[in-house]
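Trainee: Once you've had a glance at the structure underneath, I'll fire off some questions.
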Amino acid sequence: MDYPERFSNLPEYAFPRLRTLLDSHQPGGEIINMTIGEPRHAMPGFVGDVLAASVAEFGKYPANNGTPELLAAISAWIARRYGVEVAEDRIMALNGTREGLFNAVLALCPETKRGKRPVVLIPNPFYQVYAIATMMIGAEPVFVPATAETGFMPDYRALPAEVLDRTAIAFICSPANPQGAVASRAYLADLLELAETHDFRVFADECYSELYRHDPPPGLIEVAQEVGADPERVVIFHSLSKRSSLPGLRSGFVAAGPKSMHYIRQLRAYSGAPLPQPLQRVAEKVWADEDHVIENRRLYQEKFDDAAVVFDGINSVTMPDAGFFLWLPVEDGEAAAMKLWRETGVRVLPGAYLSREVEGENPGRSYIRVALVAPREETRRGLTKLRDCLYL
């Protein structure tokens with residue numbers, strides 16, 4: 001029996017690849033898992049009560065695009081956070097932003113651009129769904145290094161005009177996963193100008209927007225309003241997984257221009273993966289509450305403060321502006337992960353597993369990604385063992 005060739009060409013996902021690397025070896029001590037970015041802080045205390053009060057709604061088909069109350073709560077949050085009024089018909093609730101990122105590419109990427117195969121620009125390293133969605137529609141992924149030399153943001157303006165003219169979508173992740181870099185207002189304004197010049201959309205994955213150490217990161221939607229950009233050029237994605245420590249709720253949203261949202265919602269109507277109604281009731285209350293977000297951010301700030309102390313004096317290690325990862329330089333990420341596992345039991349992710357090799361260069365090869373999601377004491381123990389093993 002034959003299967004689509006595109007599925008046979010998919011790269012192996014990072015975590016199965018990590019298991020292949022490490023699991024045949026014994027850990028060298030207490031296992032401390034710092035690989036996956038699964039938040040482990042307490043979820044908001046009211047979640048259970050809201051869910052219990054709405055449990056009967058599991059007996060109904062859920063609102064496909066989001067309940068009116070949830071869409072209103074999201075719209076109000078955008079207004080509070082970014083100072084931008086976004087009509088509720090320009091928002092759609094997501095069953096996790098991975099679903100939204102994937103389907104938005106399917107909904108909005110044209111079959112051709114100026115008579116040629118369209119291009120999707122992807123920062124390298126990147127969240128793997130960007131590339132997989134691009135492959136599924138037959139567009140050409142162009143991986144653009146996001147390295148220390150470029151402030152860990154992709155320099156799309158440096159690309160040849162012929163590539164930019166074929167570009168249909170440019171992905172940006174700010175705060176960045178895995179590096180924790182934040183795109184400045186000037187960077188976002190320049191990207192929107194580039195999008196206008198070459199006629200493409202910008203997809204902004206902003207799932208880590210509320211986990212910052214100092215100043216709130218600017219959002220693409222607010223910069224678009226400031227510079228008067230066409231709303232159809234802007235598609236933003238947000239999630240409750242990181243903001244509210246609710247990865248199992250699978251709740252996020254996409255917001256876009258009216259025409260873009262029409263096509264995104266049209267695809268949802270046929271492919272259908274709406275959030276169950278009781279979970280939409282929970283999400284409505286969570287988007288409306290900021291107290292738990294402030295506490296969540298404080299807990300991560302404590303762990304970054306601890307990390308700064310642990311790595312004090314190691315000049316190659318710097319603290320990120322946002323997110324909950326450390327992107328640590330090493331000679332070879334796979335070798336470092338193996339050494340750390342076999343000698344200490346600390347488990348981290350090689351940076352090469354989050355990147356794509358282009359012209360013989362993988363920008364993640366000389367890094368490891370370390371997630372600061374465990375309780376504070378466990379995180380500090382893991383970081384101390386990591387420092388002693390790899391840097392001293």
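full-length UniProt numbering puts the first residue of the sequence shown at 1, with every later residue one more than the last.
Beta carbons: idealized from backbone N, C-alpha and C, even for Gly.
As the structure is a computational prediction, the values presented were derived from the model and not from experiment.
#1: State the start and end residues of the unbroken beta strand (DSSP E) segment that holds residue 91.
#2: Put residue 389 into one of helix, strand or coil per three-state DSSP.
#3: In terms of residue numbering, what span does the alpha helix (DSSP H) encompassing residue 340 cover?
#4: So, with DSSP's three-state summary, where would you put residue 324?
#5: Could you give the C-beta distance for residue 227 and residue 186, rounded to a whole number, given that I count them as a contact under 8 Å?
#6: Per DSSP, what are the beta-bridge partners of residue 347 in this structure?
#7: Does DSSP put residue 372 in a helix, in a strand, or in coil?
#8: Work out the CA separation of residue 134 and residue 360 for me, nearest whole Å.
#9: One question on the structure: do residue 393 and residue 371 come within less than 8 Å of each other, judged by their Cβ atoms?
#10: For residue 246, count neighbouring C-beta atoms within 10 Å of its own C-beta (all shown protein chains included) and say buried if the count is 16 or more, exposed if not.
#11: DSSP on residue 167, reduced to helix/strand/coil?
#12: Just to confirm, is the Cβ distance from residue 32 to residue 345 under 8 Å?
#13: Report the three-state DSSP secondary structure of residue 99 (helix, strand or coil).
#14: If contacts are defined as beta-carbon pairs under 8 Å, then residue 350 and residue 147 qualify, I think. What distance do you get, rounded to the angstrom?
#15: Output the residue ranges of the alpha helix (DSSP H) runs that lie fully inside the stretch 189-272 and measure 4 residues or longer, sorted by chain position.
#16: If you draw a straight line from the alpha carbon of residue 51 to that of residue 71, how long is it in whole angstroms?
#17: If we require 3 or more residues per run, which beta strand (DSSP E) segments fall completely within the stretch 273-328?
#18: Assign residue 132 to one of three DSSP states: helix, strand, or coil.
#19: Contact check, residue 327 vs residue 367 under 8 Å by CB: the rounded distance?
#20: Counting pairs of Cβ atoms below 8 Å between the stretch 311-321 and the stretch 274-294, do you hit three or more?
#21: If you follow the alpha helix (DSSP H) that residue 354 is part of, which residue opens it and which one closes it?
#22: Given the structure, does residue 239 come close to the ligand SAH, in the sense that its CB is under 7 Å from one of the ligand's heavy atoms?
#23: Is residue 58 buried or exposed, if buried means 16 or more other CB atoms sit within 10 Å of its CB?
#24: Which residues in the same chain as residue 276 place their Cβ atom closer than 7 Å to its Cβ, once the five residues preceding and following it in sequence are excluded?
#25: With DSSP run on the structure shown, which of helix, strand or coil describes residue 121?
#26: Could you check the C-alpha separation between residue 76 and residue 85 for me, to the nearest Å?
#27: Name the one or two DSSP bridge partners that residue 113 has.
#28: When the distance is taken between beta carbons, is residue 65 closer than 8 Å to residue 92?
#29: Please name the residue in 234, 161, 110 whose C-alpha comes closest to that of residue 171.
#30: Cα separation between residue 387 and residue 311?
#31: Thinking residue 347 and residue 22 are a contact (beta carbons under 8 Å), I'd like their distance in whole angstroms, please.
#32: Residue 338 and residue 90 look like a contact to me (Cβ under 8 Å); what is the Cβ gap, rounded to whole Å?
#33: Let me make sure I understand the geometry here. Which of 196, 19, 122 has the alpha-carbon closest to that of residue 229?
#34: Rounded C-beta distance between residue 120 and residue 168? I'm assuming under 8 Å.
#35: Going by CA-CA distance only, name the one from 306, 374, 301 that's closest to residue 384.
#36: What number of angstroms, rounded off, separates the C-alpha of residue 279 from the C-alpha of residue 257?
Mentor: Answer, in terms of the structure:
#1: 91-94
#2: helix
#3: 333-344
#4: coil
#5: With a Cβ gap of about 11 Å, residue 227 and residue 186 do not count as contacting.
#6: 33
#7: coil
#8: 21 Å
#9: A question about residue 393 goes unanswered here, because the residues of the chain that appear run from 1 up to 392.
#10: buried
#11: strand
#12: yes
#13: helix
#14: Not really, about 16 Å apart at Cβ, beyond 8 Å.
#15: 220-227, 240-243, 258-271
#16: 18 Å
#17: none
#18: helix
#19: 5 Å
#20: no
#21: Premise fails: residue 354 is in no alpha helix (DSSP H) and is neither H nor E.
#22: Ligands in the displayed structure: none, and consequently the ligand SAH is not present.
#23: exposed
#24: 58, 62
#25: strand
#26: 8 Å
#27: 116
#28: yes
#29: 234
#30: 7 Å
#31: 7 Å
#32: In fact, because the Cβ distance is near 48 Å, the residues do not count as touching under 8 Å.
#33: 196
#34: 6 Å
#35: 306
#36: 26 Å
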